[in-house]
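Colleague: Numbering (full-length UniProt numbering), first residue to last: 1 to 312.
Just dropping this structure here.
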């Protein structure tokens, strides 16, 4: 049931869908508000002689507009308990030949989906990564290259375009052995190839240190107050010309906030959680140190606390 406005009752009312007739009815007056609707759900009936190995869902999976057949296929089965006659075997071979065109794409989409799940990415990022790879495949630009690096690079670009960036190191952790250098090269190649296709540069979106803050803080198990202070501090840090990568700035802000709290985090743990080398965090700390009084939230740390921080 669902709620909608009935033109006969002149008010919001519950609707009932009659699956057998395809009609949508008002539960109050019985008015047919919509007729001959198409039920897009799976048809749970089986027509197999043997119920033990039968799959009642004979409609198949959802359509995929990126595949040539849009997932509308027919499976030619063999006769019961037999190896099959000449006709069914021949039809099966022809079916397999026709399916080869999408086999590579299907496997690529499965790999991208697995990477997305391991990174807990939303479906929109996975779908955009699939689209990017499909465009490469249409231009025959993926042949002879490290496929895992291409899949990972597609995900990296998709995250950037959806304003949910991930670091190269995070992407590398699910890239089936592809190195950061290989993923970086694949990313540059994809951007160049897609740019030539459209005649325009590919927009990746701007990365901000705040984009990584909540995830990094969660990896460290920081308290709610500490996370709030870190987010406020990293926002203020953008007011200064600190020539460090956003990821490095996020890491050093977390280092500062944790040193001001009772639950101090070792530099090694921060490095593991953010993927930024300990030496890089120390050097970034030197650049941020002169601005501590303006960056650190006053409600979280007093001036005396800031003075007690070790100087670079």
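In this text, a Cβ means the ideal position worked out from N, Cα and C, and glycines have one as well.
Nothing here was measured: the structure is a model prediction, and the numbers come from that model.
Does the Cβ of residue 372 have 16 or more other Cβ atoms within 10 Å, making it buried, or fewer, making it exposed?
Modeller: Residue coverage of the chain in this structure runs from 1 to 312, which leaves residue 372 outside it and unanswerable.
Colleague: State the Cα-Cα distance for the pair residue 71 and residue 186, rounded to the nearest angstrom.
Modeller: Here residue 71 is taken as the residue at index 71 of the chain shown, counted from 1. Here residue 186 is taken as the residue at index 186 of the chain shown, counted from 1. In this predicted model, residue 71 has a pLDDT of only 48, less than 50, meaning its place in the structure is not dependable enough to derive any value.
Colleague: Could you check whether the Cβ of residue 150 sits closer than 7 Å to any Cβ belonging to chain C?
Modeller: Of the protein chains in the structure, only one exists, and it is not chain C.
Colleague: Between residue 146 and the rest of its own chain, which residues show a CB-CB distance below 8 Å, the 5 nearest in sequence each way excluded?
Modeller: Within the chain shown, numbered from 1, the residue matching residue 146 stands at position 146. The residues are 178, 182, 186.
Colleague: Going by DSSP, what residue range makes up the alpha helix (DSSP H) through residue 263?
Modeller: Taking the chain shown and counting its residues from 1, the one referred to as residue 263 is at position 263. Careful: residue 263 lies outside any alpha helix (DSSP H) and carries neither H nor E.
Colleague: So, helix, strand or coil for residue 17, using DSSP?
Modeller: Here residue 17 refers to the residue found at position 17 of the chain shown. Strand.
Colleague: Since residue 267 and residue 278 are thought to touch, with beta carbons under 8 Å apart, how far apart are those beta carbons, to the nearest angstrom?
Modeller: Counting from 1 along the chain shown, the entry for residue 267 is found at position 267. Counting from 1 along the chain shown, the entry for residue 278 is found at position 278. Their Cβ separation, rounded to whole angstroms, is 5 Å, which keeps residue 267 and residue 278 in contact under 8 Å.
Colleague: Leaving out five residues before and five after residue 295 in sequence, what residues of the same chain have Cβ atoms less than 6 Å from its Cβ?
Modeller: Numbered from its first residue, the chain shown carries residue 295 at position 295. Taken in chain order, the residues that qualify are 233, 236, 237.
Colleague: By Cβ distance, which residues of its chain are closer than 7 Å to residue 113, with the 5 residues on each side in sequence left out?
Modeller: One-based indexing of the chain shown puts residue 113 at position 113. Closer than 7 Å at Cβ, skipping near neighbours: 126.
Colleague: Quick one: residues in its chain with C-beta nearer than 7 Å to the C-beta of residue 265, no 5 flanking neighbours on either side, listed in chain order?
Modeller: Stepping through the chain shown from its first residue, residue 265 is reached at position 265. Excluding residues within five positions, the ones whose Cβ falls inside 7 Å are 220, 258.
Colleague: What is the DSSP secondary structure of residue 127, counted as helix, strand or coil?
Modeller: Sequence index remark: in the chain shown, residue 127 carries index 127 (1-based). Reduced to three states, the DSSP call for residue 127 is helix.
Colleague: Pull up the CB-CB distance for residue 250 and residue 209, whole angstroms please, since I reckon it's below 8 Å.
Modeller: Residue numbering aside, residue 250 sits at position 250 when the chain shown is read from its first letter. Residue numbering aside, residue 209 sits at position 209 when the chain shown is read from its first letter. Indeed they touch by this definition, with Cβ atoms about 4 Å apart.
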